[in-house]
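Report on the structure given below.
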Amino acid sequence: MNDLLTTSLYKFHQEQEAKMIEFAGWHMPFSYEGTIKEHNYVRNGSGFFDVSHMGRIYLENNEIENINKLICSDLIKLKNTKAMYSIFTNEEGNALDDVIFWKFETHIILICNAINRYKITTHLTKNEISFKDITFETSLIAIQGPQAIELLNTLLEIPDKFSTNINKTFTYARTGYTGEDGLEIMYENIHTDQVIKFLIDNNIKPCGLGSRDTLRLEASLPLYGFELTEKISPVEANLKWVINNNDNYLGKNIIDKHMKTGVHKYLKKFILESKRIPRTGTEVKSNNVSGVVTSGNYSPILEKSIGFVLLDSLPESNLLEFDIRGNLLEGQIINKRFLS
Amino acid sequence: MTDKKYLETHEWYSINDNNITVGISDFAQGELGDIVFVTLPNVGEEFNKGDSMIEIEATKTVAEAYAPMDCVITEINSDLDSQPEIINSDPCGTGWLVKADIKILDDTGMSYQEYESFIS
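Chains A and B, in that order, give the protein sequences.
Quick note: to get this note's numbering, add 4 to the position in the first sequence (first position is 1).
Quick note: to get this note's numbering, add 1303 to the position in the second sequence (first position is 1).
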């Protein structure tokens, strides 16, 4: 793992004896105390994730109109101090990346997936958009859980949900990827020791990418490379709520056609009463509709197998049949959230 | 009971007269992460050396445990049904998986020292 990138918290991860993995070219913590334990810290109290591997791109607000031609949501209408989830689309209306924009008076911070940082910066350059990649000079920490806001209140002025704030040291937003309340905080790397001290002093537990994945899955949130790819559109990924851009953005005609006709693939959530977990790639049938599992794992809260399946067309029933290593097992499509 | 011997596929076994106890190594449980489901065979099921006997589902991945020699299952660890996590906390003790009668003895597993150097 010699050539892997490391974050400003790398020394901390080593001191904590975290189990480390390679992720998108970075050497990142998978777990510290165990995925389920960390999952429950976030569901019941508070936990923090080093997500500094994610791309952070600084853009001046005069680029907003240009960016609006590349994403399926309306960045022009977004008010200053607000955060917005959106998707960069390609000419086929499929997802290049799913991202978060933090909008301020003069500038925007674009947060993209680590695996797509090069793709997105190349895409911006190709479209003659000026930007500054600040990934390596800054860190990004997500502090999440029902107790997170109360604990952070002593350090920061708390914005409304999906809103941003900025002070001398921190740029942050009340956003996350766990289904819990919390903040995502960006700062220059020199402040890492101060941030770690605050987190430890407040007993906010370090959590790894393992629990980040089980938490996002339980919260029904897509992961790029699985639920969203360059072959899957936001309509297919059940993200119609993200599509509100009237500009003629890349791939809009195909996305509009998907919306109008309903003829496309369908991403659905599933739950399974079984001791086997349908993993990514597991083949699925719903009557005569075929599909494939995009993500599947154990839900520590439901104590059942859950996940996403991408079906070739709209299924007529909620019954699914999974082929798990030769065993045919029944599951159900869930139309509501996994967690009520 | 003999000392535990280890396989390259990360199972351990120990021999007691004509019966073996099988589990997975501490290294294996650490690599798997939190174990959430275990599918055990039925008592009376027969396996040849190298057959997949058990499926272990963890938050990180799924793994199989293989028969260390030709054997017939005599007992399964039913505690794993409600507490699969004991494989994580005590893989070489209370987290054992199955016991089986030996059909053909094959005591060629690695000693702990050999296994340690195999995984390092």
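Idealized CB from N, CA, C, for every residue including glycine.
heavy atom of the ligand NAD below 7 Å from residue i C-beta
i                       : result
residue 1323 of chain B : Questions concerning the ligand NAD fall outside what the structure shown contains, since it holds no ligand whatsoever.
Buried versus exposed, by CB contacts within 10 Å (16 or more), residue i
i                       : result
residue 122 of chain A  : exposed
residue 84 of chain A   : exposed
residue 178 of chain A  : buried
residue 245 of chain A  : exposed
residue 1421 of chain B : exposed
residue 209 of chain A  : buried
residue 1384 of chain B : exposed
residue 151 of chain A  : buried
residue 130 of chain A  : exposed
residue 267 of chain A  : exposed
residue 220 of chain A  : buried
residue 1338 of chain B : buried
residue 1332 of chain B : buried
residue 322 of chain A  : exposed
residue 187 of chain A  : buried
residue 198 of chain A  : exposed
residue 1308 of chain B : buried
residue 297 of chain A  : buried
residue 1392 of chain B : exposed
residue 1410 of chain B : exposed
residue 216 of chain A  : buried
Nearest residue (CA-CA) to residue i, options the options
i                       : options                           : result
residue 1306 of chain B : B:1383, B:1379, B:1395 and B:1404 : B:1395
residue 1381 of chain B : B:1408, B:1318, B:1342 and B:1356 : B:1342
residue 1425 of chain B : B:1418, B:1404 and B:1386         : Limits of chain B in this structure are 1304 at one end and 1423 at the other, which puts residue 1425 of chain B out of reach.
residue 347 of chain A  : A:171, A:193 and A:101            : What the structure shows of chain A is the stretch from 5 to 344, and residue 347 of chain A is not part of that stretch, so it cannot be assessed.
residue 140 of chain A  : A:224, A:55, A:223 and A:169      : A:55
residue 329 of chain A  : B:1359, B:1393, B:1400 and B:1386 : B:1359
residue 347 of chain A  : A:51, A:211 and A:147             : There is simply no residue 347 of chain A to check, as chain A begins at 5 and stops at 344 in what is shown.
residue 172 of chain A  : A:191, A:331 and A:165            : A:191
residue 315 of chain A  : A:332, A:337 and A:228            : A:337
residue 285 of chain A  : A:248, A:71, A:108 and A:229      : A:229
residue 292 of chain A  : A:324, A:26, A:341 and A:49       : A:324
residue 124 of chain A  : A:146, A:101 and A:299            : A:101
residue 50 of chain A   : A:164, A:154, A:218 and A:270     : A:154
Terminal residues of the alpha helix (DSSP H) in which residue i lies
i                       : result
residue 1416 of chain B : 1415 to 1422
residue 1409 of chain B : Looking at the DSSP string, residue 1409 of chain B is not in any alpha helix (DSSP H), and its letter there is neither H nor E.
residue 44 of chain A   : 39 to 48
residue 3 of chain A    : Nothing can be reported for residue 3 of chain A: it is not among the residues displayed for chain A, which extend from 5 to 344.
Limits of the unbroken beta strand (DSSP E) element including residue i
i                       : result
residue 1427 of chain B : Lying before the first or after the last residue shown, residue 1427 of chain B is absent from chain B, which here runs from 1304 to 1423.
residue 1313 of chain B : Careful: residue 1313 of chain B lies outside any beta strand (DSSP E) and carries neither H nor E.
residue 100 of chain A  : 99 to 107
residue 34 of chain A   : 30 to 35
Notebook entry, point to check: Is it a yes or a no for the stretch 127 to 138 of chain A touching the stretch 149 to 164 of chain A, going by three-plus beta-carbon pairs under 8 Å?
Noted result: no
Notebook entry, point to check: Going along the chain, which unbroken runs of the alpha helix (DSSP H) with 4 or more residues stay wholly within the stretch 176 to 215 of chain A?
Noted result: 196 to 205
Next item on the list: Say whether the stretch 250 to 261 of chain A touches the stretch 271 to 279 of chain A, bearing in mind that this needs 3 or more beta-carbon pairs closer than 8 Å, one atom from each stretch.
Entry: no
Check: When the Cβ atoms of the stretch 62 to 81 of chain A are set against those of the stretch 92 to 112 of chain A, are three or more pairs found closer than 8 Å?
Finding: yes
Check: Below 8 Å, can you find three or more Cβ-Cβ pairs linking the stretch 71 to 78 of chain A to the stretch 88 to 101 of chain A?
Finding: yes
Next item on the list: With a floor of 3 residues, list each beta strand (DSSP E) that falls wholly inside the stretch 1355 to 1411 of chain B, ordered by position along the chain.
Entry: 1355 to 1361, 1365 to 1369, 1373 to 1379 and 1401 to 1407
Check: Can you give, in chain order, each stretch of the beta strand (DSSP E) that sits fully within the stretch 244 to 331 of chain A and has at least 3 residues?
Finding: 270 to 276, 287 to 290, 293 to 303, 308 to 315 and 323 to 328
Next item on the list: List in chain order: all unbroken beta strand (DSSP E) runs of 3+ residues lying wholly within the stretch 57 to 99 of chain A.
Entry: 59 to 64 and 87 to 93
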